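Okay, structure first, notes after.
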Amino acid sequence: MIIRVKKGATEAEIAEVVRRIEANGLKPDASQGVDRLVIGVIGDTRKVGEDLFLELEAVESVHRITRPYKLVSREFRSATRRVKLGDLTLGDGSVAIVAGPCSVEGRDMILTLADEVKAAGAQALRGGAYKPRTSPYAFQGLGGEGLRYLAEARQRTGLPVVTEATGTNRHPREDGSIEDERILDQVVAQSDVIQIGARNMKSYGLLEECARLSGPLGKPVLLKRGESATIEEFLLAAEYLAAYGNEEIILCLRGVRTFESKDYQRYSSDIAAIPILKRQSNLPVFFDPSHATGDRHLVRPLALAAVAAGADGLLLETHSDPQKAWSDGQQCITPSELERIVKDVRKLEAVRGE
Ligand code: PEP
Ligand code: MN
830 MIIRVKKGAT EAEIAEVVRR IEANGLKPDA SQGVDRLVIG VIGDTRKVGE DLFLELEAVE
890 SVHRITRPYK LVSREFRSAT RRVKLGDLTL GDGSVAIVAG PCSVEGRDMI LTLADEVKAA
950 GAQALRGGAY KPRTSPYAFQ GLGGEGLRYL AEARQRTGLP VVTEATGTNR HPREDGSIED
1010 ERILDQVVAQ SDVIQIGARN MKSYGLLEEC ARLSGPLGKP VLLKRGESAT IEEFLLAAEY
1070 LAAYGNEEII LCLRGVRTFE SKDYQRYSSD IAAIPILKRQ SNLPVFFDPS HATGDRHLVR
1130 PLALAAVAAG ADGLLLETHS DPQKAWSDGQ QCITPSELER IVKDVRKLEA VRGE
């Protein structure tokens, strides 16, 4: 529910609106519009009638939010949320470039690659330390060791780090031993942006706990769309993060599963979802052409299409030697291809409308 307060309302009148909201067990969320105060009402407003507020002299209008997601909706908050990523401000019309390997494979590997992606124009470094693999026998990531290398790469290059939390449990190491630390706590403590992957988009317990831990630290969460999630399910997953204490959210599309065969494209690129999400939600929207296509030759055209469609950022899997990558090599681009894409993105960014 959104309450628009009349221009020139007194402090006492506004306090009465707030009192009535709180008396119903709800929370007010006030924001100053261009010329009037708008108070969002957070909580279950089904039992509260509009008249309770309309009868007050200071109230101009009461509007019910029609969508099931509230805090992340544009109806609730019309301005795009500006999310900080290092020195960057996401959602201001510019395009952020986040690049790096699918998984961190070692210290030298990630330090070298961090230098390379920075030189190619990337503004943040991605890299998986905890990997959600389809097969339990596939490489599961270097875990805490990988996080430490990423922290070193950040220190060396100044690039903020985006890495994934795969769950709250302990991590199996390559040598068969178990890393006896909670994954989520490690990632929240050491990463600049916490990625929640497509497979975990509907792990509501993880979303809740991630929001509770990362919200007070002011660290954003990059939430990927589940491979078979509808746009509404995706936005409701984002609403979980917001409702549990972290509204610094980046939505990231990465292709969805369709009838199309994997022989041609790994997933189908959901480019139309970019302007749809920007219309329905107040959050910045990224696109990941690497996972969406699963094919390095398709990364550039889809990256440019996403920027043309309004993406606020790109996630680009990059490797110094893609043929030798421990995961997702077929879709990794080289640092020189990254440089070419960044140059094209900057040209497109200059001519696209907001
Ligand atoms: C990734 O970004 O490395 C990843 C695993 O992506 P997704 O969750 O989109 O599959
Ligand atoms: Mn990957």
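Note that our numbering has the sequence shown beginning at 830, numbered continuously upward.
Backbone N, C-alpha and C fix where the C-beta goes; we use that ideal spot for every residue, glycine too.
Only a predicted model underlies this, so the values are computations on that prediction, with no experimental measurement involved.
Between the ligand PEP and the CB of residue 931, the shortest heavy atom gap is smaller than 7 Å.
Nearest to residue 1023 by alpha-carbon distance, out of 932, 1078 and 864, is 1078. Relative to residue 956, the option among 950, 966, 970 and 963 whose CA is nearest is 970. When the Cα atoms are used, residue 1159 and residue 1151 turn out to be separated by approximately 7 Å. Residue 918 sits in a strand when the DSSP states are folded into three classes. Approximately 13 Å separates the beta-carbon atoms of residue 1082 and residue 1136; this is outside 8 Å, ruling out the contact. Contact check between the region 937 to 956 and the region 994 to 1012: fewer than three CB pairs, one atom from each, fall below 8 Å, which does not count as touching.
Nearest to residue 892 by C-alpha distance, out of 1096, 882, 932 and 1134, is 882.
Within 10 angstroms of the beta-carbon of residue 929 lie 16 or more other beta-carbons, which makes it buried.
The region 917 to 925 makes contact with the region 1128 to 1145; the number of CB pairs closer than 8 Å reaches 3 or more. Counting along the chain, no alpha helix (DSSP H) covers residue 894, and no H or E run does either. A check of alpha carbon separations from residue 837 across 1164, 866, 894 and 1096 identifies 866 as the nearest. Around residue 1118, the same chain offers 1128, 1131 and 1132 as residues with beta carbons nearer than 6 Å, after the five sequence neighbours per side are excluded. Residue 937 has its alpha-carbon roughly 26 Å from the corresponding atom of residue 1025.
Rounded to whole angstroms, the Cβ separation of residue 931 and residue 1146 is 5 Å, and the two are in contact under 8 Å. The three-state secondary structure of residue 835, taken from DSSP, is coil.
Counted as a single uninterrupted DSSP element, the beta strand (DSSP E) harbouring residue 955 occupies residues 953 to 955. Where residue 927 is concerned, the enclosing beta strand (DSSP E) starts and stops at 925 to 929.
Between residue 1098 and residue 1066, the C-beta spacing is not below 8 Å. Counting only the Cα atoms, residue 879 lies some 51 Å from residue 1170. Within the region 1030 to 1094, complete beta strand (DSSP E) segments of at least 3 residues are found at 1050 to 1053 and 1078 to 1082, given in chain order. When secondary structure is reduced to three states using DSSP, residue 1000 falls in the strand class. A direct Cα-Cα distance of roughly 10 Å separates residue 1173 from residue 1179. The beta carbon of residue 1044 is closer than 6 Å to those of 1074 and 1075 in its chain, skipping five residues each way along the sequence. DSSP, reduced to helix, strand and coil, places residue 1147 within a strand of the structure shown.
Residue 980 and residue 1039 have their C-alpha atoms spaced approximately 20 Å apart. Beta bridge pairing from DSSP links residue 1165 with no other residue.
Set against 7 Å, the gap from the CB of residue 1156 to the closest heavy atom of the ligand MN is smaller. As the crow flies, the alpha-carbon of residue 854 is around 14 Å from that of residue 869. In this structure residue 1155 is in contact with residue 934, their Cβ atoms being roughly 5 Å apart against a cut-off of 8 Å.
Nearest in C-alpha terms to residue 1007, of all of 1013, 999 and 1047, is 999. Counting along the chain, residue 1121 sits inside no beta strand (DSSP E); it lies in the alpha helix (DSSP H) bounded by residues 1118 to 1122. The straight-line gap separating the alpha-carbon atoms of residue 972 and residue 845 is approximately 52 Å. Under DSSP, residue 858 forms a beta bridge with 869. In the structure shown, residue 850 falls within a helical segment according to DSSP collapsed to helix, strand and coil.
Residue environment: residue 1088 is assigned as exposed (fewer than 16 neighbouring CB atoms within 10 Å of its CB, all protein chains considered).
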